[in-house]
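J.:
Number of protein chains: 2
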Amino acid sequence: MKLATYKDSSRDGQLVVVSRDLSTAHYATGIASKLQQVLDDWNFMSPQLQDLYEALNQGKARHAFPFEPSRCMAPLPRAYQWADGSAYINHVELVRKARNAEVPESFYTDPLMYQGGSDDFIGPCDDVVVASEDFGIDFEAEIAVVTADVPMGATPEQALEGVRLVMLANDVSLRNLIPDELAKGFGFFQSKPATAFSPVAVTLDEVGDAWDKGRLHMTLQSTWNGRKVGMCEAGPEMTFNFGQLIAHICKTRNVRAGSIVGSGTVSNKDWSHGYSCIAEKRAIETIEDGKPKTEFMKFGDTIRIEAKGKDGLSVFGAIDQKIAPTVAHSV
Amino acid sequence: MKLATYKDSSRDGQLVVVSRDLSTAHYATGIASKLQQVLDDWNFMSPQLQDLYEALNQGKARHAFPFEPSRCMAPLPRAYQWADGSAYINHVELVRKARNAEVPESFYTDPLMYQGGSDDFIGPCDDVVVASEDFGIDFEAEIAVVTADVPMGATPEQALEGVRLVMLANDVSLRNLIPDELAKGFGFFQSKPATAFSPVAVTLDEVGDAWDKGRLHMTLQSTWNGRKVGMCEAGPEMTFNFGQLIAHICKTRNVRAGSIVGSGTVSNKDWSHGYSCIAEKRAIETIEDGKPKTEFMKFGDTIRIEAKGKDGLSVFGAIDQKIAPTVAHSV
Numbered sequence: 042m043k044l045a046t047y048k049d050s051s052r053d054g055q056l057v058v059v060s061r062d063l064s065t066a067h068y069a070t071g072i073a074s075k076l077q078q079v080l081d082d083w084n085f086m087s088p089q090l091q092d093l094y095e096a097l098n099q100g101k102a103r104h105a106f107p108f109e110p111s112r113c114m115a116p117l118p119r120a121y122q123w124a125d126g127s128a129y130i131n132h133v134e135l136v137r138k139a140r141n142a143e144v145p146e147s148f149y150t151d152p153l154m155y156q157g158g159s160d161d162f163i164g165p166c167d168d169v170v171v172a173s174e175d176f177g178i179d180f181e182a183e184i185a186v187v188t189a190d191v192p193m194g195a196t197p198e199q200a201l202e203g204v205r206l207v208m209l210a211n212d213v214s215l216r217n218l219i220p221d222e223l224a225k226g227f228g229f230f231q232s233k234p235a236t237a238f239s240p241v242a243v244t245l246d247e248v249g250d251a252w253d254k255g256r257l258h259m260t261l262q263s264t265w266n267g268r269k270v271g272m273c274e275a276g277p278e279m280t281f282n283f284g285q286l287i288a289h290i291c292k293t294r295n296v297r298a299g300s301i302v303g304s305g306t307v308s309n310k311d312w313s314h315g316y317s318c319i320a321e322k323r324a325i326e327t328i329e330d331g332k333p334k335t336e337f338m339k340f341g342d343t344i345r346i347e348a349k350g351k352d353g354l355s356v357f358g359a360i361d362q363k364i365a366p367t368v369a370h371s372v
Numbered sequence: 042m043k044l045a046t047y048k049d050s051s052r053d054g055q056l057v058v059v060s061r062d063l064s065t066a067h068y069a070t071g072i073a074s075k076l077q078q079v080l081d082d083w084n085f086m087s088p089q090l091q092d093l094y095e096a097l098n099q100g101k102a103r104h105a106f107p108f109e110p111s112r113c114m115a116p117l118p119r120a121y122q123w124a125d126g127s128a129y130i131n132h133v134e135l136v137r138k139a140r141n142a143e144v145p146e147s148f149y150t151d152p153l154m155y156q157g158g159s160d161d162f163i164g165p166c167d168d169v170v171v172a173s174e175d176f177g178i179d180f181e182a183e184i185a186v187v188t189a190d191v192p193m194g195a196t197p198e199q200a201l202e203g204v205r206l207v208m209l210a211n212d213v214s215l216r217n218l219i220p221d222e223l224a225k226g227f228g229f230f231q232s233k234p235a236t237a238f239s240p241v242a243v244t245l246d247e248v249g250d251a252w253d254k255g256r257l258h259m260t261l262q263s264t265w266n267g268r269k270v271g272m273c274e275a276g277p278e279m280t281f282n283f284g285q286l287i288a289h290i291c292k293t294r295n296v297r298a299g300s301i302v303g304s305g306t307v308s309n310k311d312w313s314h315g316y317s318c319i320a321e322k323r324a325i326e327t328i329e330d331g332k333p334k335t336e337f338m339k340f341g342d343t344i345r346i347e348a349k350g351k352d353g354l355s356v357f358g359a360i361d362q363k364i365a366p367t368v369a370h371s372v
């Protein structure tokens with residue numbers, strides 16, 4: 042099934058079930074009002090939502106209405122965890138090669154992950170609000186999953202059983218803030234503003250055999266200012282699968298229901314696939330010409346991130362955002 | 042007022058109001074069942090809780106019962122954000138001096154903060170469960186605040202207005218996992234297991250003039266295996282106040298209600314105050330004798346963290362935990 046969260050001026054919005062073709066939706070009222078509730082009590086609530094989903098797909102849901110992605114918040118407008126991996130080692134290799142740094146041997150066996158802020162996600166069509174273009178605004182097209190409870194010490198195989206939903210993410214990064222921040226030694230902080238997610242999060246049965254061994258075998262399309270810049274294959278080159286990423290978190294603590302785990306920038310060795318973040322394009326330019334040529338995003342720029350099924354239909358709906366300056370306001 | 046969360050087998054527990062002297066408590070049923078609800082709608086709900094609190098203090102609350110800290114979860118058993126600072130620069134200086142590293146000049150003007158996991162906090166009397174003593178188990182006694190909504194771009198002065206509650210934290214650290222993890226460049230992850238918080242979180246009026254300019258002027262007592270090892274002054278040497286820490290987060294994003302912000306290990310230049318984490322004791326030993334002597338915690342060790350008011354009474358109740366190994370379980 043496909044689930045979304047509609048804006049209603051509340052912090053967590055209203056849970057809606059969305060039809061497979063993303064044409065219609067139906068409030069989940071009577072079952073659950075918020076997605077987190079469903080994740081907290083999945084075995085009880087998800088079959089009820091599935092029934093509604095099937096009725097909706099058959100055109101039998103009584104109060105269906107046209108689905109509008111622009112009315113969506115992130116499927117989880119706020120979450121108890123957002124842990125993002127860097128699971129495509131090719132991305133790490135490119136970025137490091139551009140600055141003449143080696144990739145440590147351990148990076149091929151031990152996932153690189155960072156803990157992100159999760160109190161204020163933005164919707165798929167919300168503006169990316171940034172104080173200054175000088176921050177080096179970049180998009181990052183990623184795959185993300187939402188988990189069940191996974192206990193401390195879980196193996197990657199056990200952790201993989203904890204994947205409830207899959208969606209897309211735009212893990213916006215402020216590139217020019219990163220060097221100084223990472224030099225401080227405690228990881229990303231100000232360089233990672235609010236993350237955006239796709240209009241719908243879907244259960245694994247929706248993607249069929251595209252979900253294989255903890256990887257999503259789909260093409261992630263990134264379109265920057267109307268120009269398709271990335272057609273990256275998300276499956277085969279994902280060095281660590283989602284089971285391994287979740288198990289990485291579980292080494293020293295429990296992962297609780299509703300945690301969101303990201304793949305990191307989707308990246309392919311074959312440069313003809315394009316790029317899922319501008320930093321990678323700039324790394325390639327640096328490797329080829331000694332310096333980057335492509336500039337980061339400007340106010341007014343747009344970024345669209347989407348993945349389509351074998352039938353050519355959008356699976357998660359599109360993240361479709363504009364970069365915008367902060368508006369002065371009185372507190 | 043003083044607020045706590047009682048265990049009831051649910052994920053978020055039951056909100057209780059606790060009397061000033063921590064002797065009695067009363068369910069907040071009828072007002073709110075969860076602390077996050079109150080933070081989401083503070084102006085409406087907090088006056089009602091305050092009324093109940095006053096009745097409780099006067100012995101007039103009808104269904105009061107004896108308060109038992111052992112029945113507490115963390116005041117927020119899970120939160121949308123846990124951002125921890127390292128606001129006592131003396132702690133940073135000591136740790137760096139022990140390994141012959143300089144403290145960068147920027148550390149005196151730009152707070153060091155890391156994003157922590159917030160999906161699975163532990164209660165004040167819950168065991169600290171760790172897979173292996175080899176991880177280098179350490180406590181970290183800290184002050185923490187719970188925030189209101191604070192918008193992106195807020196100044197430290199504006200951010201300070203967003204402090205709703207104050208409490209104590211034991212930010213457990215796995216010291217032997219830290220060097221390899223920080224070397225990867227993305228900050229703490231596996232080295233920071235579940236954090237524990239004090240039995241009660243209190244509004245600022247409860248600490249009176251001990252709260253001054255965003256700092257809590259109280260003595261933080263740390264007792265390890267029954268021996269008082271730390272009597273550290275939390276106020277005067279806090280390099281960055283809580284307004285500055287919250288504003289640091291707000292530089293590039295909004296901070297939403299219910300975010301928890303920590304001070305980092307409380308630390309004093311005068312070593313006679315003792316220590317709020319073992320790593321600091323070991324740093325002092327290394328500076329004095331060339332190598333650390335004190336070992337990290339073992340299974341069965343206990344740690345008690347508390348702060349007392351001028352009247353000698355415990356303000357937040359005590360964090361009082363035992364270190365325990367993970368128990369093998371079938372998933």
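So the protein sequences, as listed, match chains A and B. For what it's worth, our numbering labels the leading residue of the first sequence as 42, then goes sequentially. For what it's worth, our numbering labels the leading residue of the second sequence as 42, then goes sequentially. Backbone N, C-alpha and C define an ideal beta-carbon position, used for all residues, glycine too. Computed from a prediction, not measured in an experiment: that's the story for all the values here.
Any idea which residues DSSP pairs Gln271 of chain B with across the strands?
T.: Note on residue identity: the sequence assigns Gly, not Gln, to residue 271 of chain B. Gly271 of chain B pairs with B:Ser263 and B:Gly315.
J.: Under 8 Å, do Leu209 of chain A and Phe108 of chain A count as touching if we go by C-beta distance?
T.: No, these two residues do not count as a Cβ contact at 8 Å.
J.: Against chain A, does Asn295 of chain B count as a neighbour if the rule is that its beta carbon must be under 8 Å from one of theirs?
T.: Chain A, which has a Cβ nearer than 8 Å to the Cβ of Asn295 of chain B, makes this yes.
J.: Can you list, in chain order, the residues of its chain with a C-beta nearer than 8 Å to that of Thr14 of chain B? Leave out the 5 residues immediately preceding and following it.
T.: What the structure shows of chain B is the stretch from 42 to 372, and residue 14 of chain B is not part of that stretch, so it cannot be assessed.
J.: By a C-beta neighbour count over all protein chains shown, 10 Å radius and 16 as the cutoff for buried, is Phe85 of chain B buried or exposed?
T.: Label assigned to Phe85 of chain B: exposed.
J.: Using Cβ-Cβ distances below 8 Å, what residues of the stretch 157-177 of chain A are close to chain B?
T.: Residues passing the 8 Å Cβ filter: Gly157, Gly158, Ser159, Asp160, Asp161, Val170, Val171, Ala172 and Phe176.
J.: Does the CB of Phe340 of chain B have a neighbour CB from chain A at under 8 Å?
T.: It does not: the Cβ of Phe340 of chain B has no partner Cβ on chain A nearer than 8 Å.
J.: In its own chain, which residues sit with a C-beta less than 7 Å from the C-beta of Val372 of chain B, not counting the 5 before and 5 after it?
T.: Caution applies to Val372 of chain B, whose pLDDT of 47 falls short of 50 and renders its modelled position unreliable; the model cannot decide the point.
J.: Which residues of the stretch 58-90 of chain B have a Cβ closer than 8 Å to any Cβ of chain A? Give them in chain order.
T.: Against chain A - using a Cβ distance shorter than 8 Å - the residues of the stretch 58-90 of chain B are Asp81.
J.: Once the 5 residues before and after Arg61 of chain A are set aside, which same chain residues still bring their CB inside 6 Å of it?
T.: Around Arg61 of chain A: Asn98.
J.: Phe229 of chain B and Met154 of chain A: beta carbons closer than 8 Å?
T.: No.
J.: Which whole-angstrom value is the C-beta distance of Arg137 of chain A and Arg52 of chain A, which I expect to be below 8 Å?
T.: That pair is no contact at about 40 Å.
J.: Which residue spans inside the stretch 160-229 of chain B form an unbroken alpha helix (DSSP H) run of at least 4?
T.: DSSP runs (the alpha helix (DSSP H)) wholly in the stretch 160-229 of chain B: 197-201 and 219-224.
J.: Taking Arg119 of chain B as the query, report the chain A residues whose CB atoms sit under 8 Å from its CB, ordered along the chain.
T.: Residues of chain A passing the Cβ test: Tyr121 and Arg297.
J.: Listed in chain order, which residues of the stretch 135-156 of chain A have Cβ atoms closer than 8 Å to some Cβ of chain B?
T.: The stretch 135-156 of chain A vs chain B, Cβ under 8 Å: Pro145, Ser147, Phe148, Asp151, Leu153, Met154, Tyr155 and Gln156.
J.: For Ala298 of chain B versus Asp81 of chain B, is the C-beta distance shorter than 8 Å?
T.: Contact flag set, yes.
J.: Give a yes or no on whether the C-beta atoms belonging to Phe340 of chain A and Glu181 of chain A are separated by under 8 Å.
T.: Result no, Cβ atoms of Phe340 of chain A and Glu181 of chain A do not sit closer than 8 Å.
J.: Quick check on DSSP: helix, strand or coil for Gln362 of chain A?
T.: Strand.
J.: Can you name, in chain order, every residue of its own chain whose Cβ lies under 7 Å from the Cβ of Val204 of chain A, other than the five neighbours on each side?
T.: Hits under 7 Å: Val186, Thr188, Leu245 and Phe283.
J.: I need the boundaries of the beta strand (DSSP E) containing Ile344 of chain A, first residue and last residue.
T.: That run of the beta strand (DSSP E) goes Thr343 to Ala348.
J.: Answer with yes or no whether the minimum CB distance from Arg52 of chain A to chain B is below 8 Å.
T.: It does; some Cβ of chain B falls within 8 Å.
J.: At a CB-CB cut-off below 7 Å, which residues of chain B make contact with Ser300 of chain A?
T.: Correct list: Asp160.
J.: Could you give the distance in angstroms between the alpha-carbon of Leu56 of chain B and the alpha-carbon of Gly164 of chain B?
T.: Going from the Cα of Leu56 of chain B to the Cα of Gly164 of chain B covers about 14 Å.
J.: Helix, strand or coil for Gly284 of chain B per DSSP?
T.: Three-state DSSP puts Gly284 of chain B in a helix.
J.: How would you call Gly303 of chain A, buried or exposed, if buried means at least 16 neighbouring beta carbons within 10 angstroms?
T.: Result: buried.
J.: Under three-state DSSP, which class holds Ala18 of chain B?
T.: This structure leaves residue 18 of chain B out entirely; chain B is present only between 42 and 372.
J.: Gly331 of chain A CB to nearest chain B CB: under 8 Å?
T.: Chain B, which has no Cβ nearer than 8 Å to the Cβ of Gly331 of chain A, makes this no.
J.: How would you list, in chain order, the residues of chain A whose beta-carbon sits under 7 Å from the beta-carbon of Pro234 of chain B?
T.: Here the neighbours are Thr293 and Arg294.
J.: If the criterion is Cβ atoms closer than 8 Å, does the pair Ile184 of chain B and Val207 of chain B meet it?
T.: Against a cut-off of 8 Å, the Cβ pair of Val207 of chain B and Ile184 of chain B comes out as a contact.
J.: Report the residue ranges of all beta strand (DSSP E) runs contained in full by the stretch 93-149 of chain B; include only those spanning at least 3 residues, in chain order.
T.: As far as the stretch 93-149 of chain B is concerned, its whole beta strand (DSSP E) runs of at least 3 residues are 123-126.
J.: Let me see if you follow: with CB-CB separation under 8 Å, is Leu257 of chain B close to chain C or not?
T.: Given the protein chain composition of this structure (A and B), no chain C is represented.
J.: Report the residues of the stretch 212-242 of chain A with a CB closer than 9 Å to any CB of chain B, ordered along the chain.
T.: Residues passing the 9 Å Cβ filter: Leu215, Leu218, Asp221, Leu223, Ala224, Lys225, Gly226, Phe227, Gly228, Phe229, Phe230, Gln231, Ser232, Lys233, Pro234 and Ala235.
J.: May I have the straight-line CA-CA distance separating Glu320 of chain A from Arg216 of chain A, to the nearest angstrom?
T.: In the sequence as displayed, the identity of residue 320 of chain A is Ala instead of Glu. C-alpha separation (whole angstroms): 8 Å.
J.: Would you report the Cα separation of Asp311 of chain A and Ala251 of chain A, rounded to the nearest angstrom?
T.: Distance between the alpha carbons of Asp311 of chain A and Ala251 of chain A is about 21 Å.
J.: Contact criterion: CB-CB distance below 8 Å. Does Lys367 of chain A meet it with respect to chain B?
T.: Position check: residue 367 of chain A holds Thr in this sequence, whereas Lys was assumed. With 8 Å as the cut-off, Thr367 of chain A counts as an interface residue toward chain B.
J.: What is the DSSP secondary structure of Asn308 of chain B, counted as helix, strand or coil?
T.: According to the sequence provided, residue 308 of chain B is Ser. The question's Asn does not apply to it. Coil.
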